[in-house]
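Asks:
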Amino acid sequence: MSEIASVVTHLARYPTAVGRRWTIAAPAPPTVLERPLVVLPGLADNAAIFTELRRALPGPVVSFGYSPLIGDVRVAAGQLAEQIEELCAVAGVSTVDVVGHSLGGLIARYYVQRLGGHRRVHHTVTIATPHRGTVTAWLLSPLPLVRQLRPGSDLFEELTEPAPECTARFVTFSSTADALILPARNAQLEHPDLTVRNVVIADVGHLALAADRDVIAEIRALLVPESPAEELRSATTVPRSA
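Everything in the sequence shown is counted per the numbering used here, starting at 12 for the first residue and increasing by one.
(1) In the DSSP assignment, find the alpha helix (DSSP H) that holds Leu51 and state where it starts and stops.
(2) Given a cut-off of 7 Å on the beta-carbon distance, is the pair Pro141 and Leu166 in contact?
(3) Given a threshold of 16 other Cβ atoms within 10 Å of its Cβ, counted over all protein chains shown, does Gly53 qualify as buried or as exposed?
(4) Count the other C-beta atoms from every protein chain shown that fall within 10 angstroms of the C-beta of Thr27, then say buried if there are 16 or more, exposed otherwise.
(5) Which first and last residues belong to the alpha helix (DSSP H) in which Ile95 is found?
(6) If I follow the unbroken beta strand (DSSP E) through Ile212, where does it start and stop?
(7) For Pro155, count neighbouring C-beta atoms within 10 Å of its own C-beta (all shown protein chains included) and say buried if the count is 16 or more, exposed if not.
(8) On the DSSP letters alone, give me the boundaries of the beta strand (DSSP E) that Val72 sits inside.
(9) Quick check: the Cα distance between Leu64 and Ile81, rounded to an integer number of angstroms?
(10) Taking a contact to mean a Cβ-Cβ separation below 7 Å, would you say Val49 touches Val109 in this structure?
(11) Assuming Val146 contacts Leu193 (C-beta within less than 8 Å), just tell me the rounded distance between them.
(12) Output the distance between the C-alpha atoms of Ile118 and Val84, rounded to the nearest integer angstrom.
(13) Assign Ala219 to buried or exposed, taking buried as 16 or more other Cβ atoms, counted over all protein chains shown, within 10 Å of its Cβ.
(14) Quick check: what's the CA-CA separation for Pro175 versus Thr206?
(15) Helix, strand or coil: how does DSSP classify Ile192 here?
(16) Please look up how many angstroms separate the CB atoms of Ala213 and Thr187, rounded, as I've assumed it's under 8 Å.
(17) The alpha helix (DSSP H) spanning Thr62 covers which residue range?
(18) With respect to the beta strand (DSSP E) encompassing Gly144, which residues constitute its N-terminal and C-terminal limits?
Written as structure tokens, this is what we have:
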């Protein structure tokens with residue numbers, strides 16, 4: 012039921028974010044983010060998916076949009092690289108944090124891991140992202156971008172290559188009840204050269220995960236300076252009460 016409610020709520024919010032590319036929330040003193048936060052929605056989605064996250068953070072929050080017809084995660088990641096460079100120049104900062112939902116998280120990972128984005132990104136957070144692909148990608152094969160999400164695709168083969176220079180910290184949030192990322196373990200990031208904390212939330216759907224209270228609280232603790240730092244763990248499971 013929580014996923015159905017999340018879908019209805021998201022559909023109601025979706026039109027309010029159509030056409031937005033750079034959405035900046037004014038800082039709320041005395042607490043501000045250490046770095047600008049860049050958010051990336053999933054396939055054919057927009058910044059509305061991050062409504063709860065933006066409400067929980069003091070800003071600034073910037074959204075990156077891309078077309079589902081772009082055809083290649085690598086191209087989208089290249090565009091992200093250009094826009095983050097522009098953002099750093101305009102904001103007068105050297106680093107940012109990034110949060111991506113679903114495909115947006117994979118674009119962020121490719122940028123950080125393969126395009127030198129680790130020099131610009133301090134934390135990379137992914138929510139319901141198919142880090143090792145998903146079998147549901149076989150259902151929408153006419154879209155080249157979706158075909159890249161099949162397990163074992165050339166994109167995922169490339170992402171398994173060594174990345175010893177990548178110093179960014181990754182945190183992934185996945186769910187045991189995500190019907191779009193199958194098998195569910197494919198939303199966890201495993202790479203010998205990357206510093207990763209995988210957090211598994213029980214019984215939350217694909218869209219609902221981006222608004223989940225535990226996910227929002229953990230991201231805030233990670234990004235807001237006054238929040239206590241958490242020790243990196245290889246995997247964490249957050250149980251949910253009935």
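By construction, the Cβ of each residue, glycine as well, lies at the ideal position given by its N, Cα and C atoms. Remember, predicted model here, so these are calculated numbers, not experimental data.
Replies: Looking at the coordinates:
(1) Per DSSP, Leu51 belongs to no alpha helix (DSSP H); it is in the beta strand (DSSP E), 48-51.
(2) no
(3) buried
(4) Confidence is the limiting factor: at Thr27 the pLDDT is only 40, short of 50, which leaves the residue's position unreliable, though a coordinate-based value still follows. Exposed, since its Cβ has fewer than 16 Cβ neighbours within 10 Å.
(5) 84-102
(6) 206-212
(7) exposed
(8) 72-74
(9) 26 Å
(10) yes
(11) 5 Å
(12) 6 Å
(13) buried
(14) 11 Å
(15) coil
(16) 5 Å
(17) 62-67
(18) No beta strand (DSSP E) holds Gly144; DSSP gives it neither H nor E.
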